[in-house]
Amino acid sequence: MGYSSELISILVMSVIISPIIEEIYFRKILYTSAKKYLGVFWSGIINSLLFSVVHLNLHSFPVLIMLGMILTLIYENDGSIISPIVFHSSFNIIMIAFILI
Numbered sequence: 015m016g017y018s019s020e021l022i023s024i025l026v027m028s029v030i031i032s033p034i035i036e037e038i039y040f041r042k043i044l045y046t047s048a049k050k051y052l053g054v055f056w057s058g059i060i061n062s063l064l065f066s067v068v069h070l071n072l073h074s075f076p077v078l079i080m081l082g083m084i085l086t087l088i089y090e091n092d093g094s095i096i097s098p099i100v101f102h103s104s105f106n107i108i109m110i111a112f113i114l115i
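In the numbering used here, the protein residues as written are 15 to 115.
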């Protein structure tokens with residue numbers, strides 16, 4: 015299989031750039047801010063719902079809610095943004111592999 019520049023762009027965006035931007039925004043900024051007012055549980059739920067809605071894919075909505083919750087738990091337990099970024103990147107690369115296979 016040849017690698018087109020389009021495929022390489024998709025891989026870079028979905029495996030590197032998007033997870034970094036999304037995790038900083040959703041976990042580091044939104045979740046941390048909401049947690050001060052709503053606590054861990056409700057801020058995690060709301061954050062996961064927002065994360066799912068932003069992806070604009072009704073078919074993957076339930077999976078993205080669960081992914082958002084898992085990423086929030088990872089961030090909450092680890093305290094580092096690096097861990098959810100790595101998990102998010104891994105999830106995306108697995109999903110791309112399933113699509114391409």
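We treat Cβ as the ideally placed atom computed from N, Cα and C, and that holds for glycine.
So what's residue i in DSSP terms, helix, strand or just coil?
i           : result
residue 18  : coil
residue 107 : helix
residue 95  : coil
residue 115 : coil
Which full runs of the alpha helix (DSSP H) of 4+ residues lie inside the segment 35-88, going along the chain? Runs of the alpha helix (DSSP H) lying entirely within the segment 35-88, each at least 4 residues long, are 46-68 in chain order.
Assess contact between the segment 69-84 and the segment 46-53, defined as three or more Cβ pairs (one per stretch) separated by less than 8 angstroms. Is contact present? Here the segment 69-84 makes no contact with the segment 46-53; the two share fewer than three CB pairs at distances below 8 angstroms.
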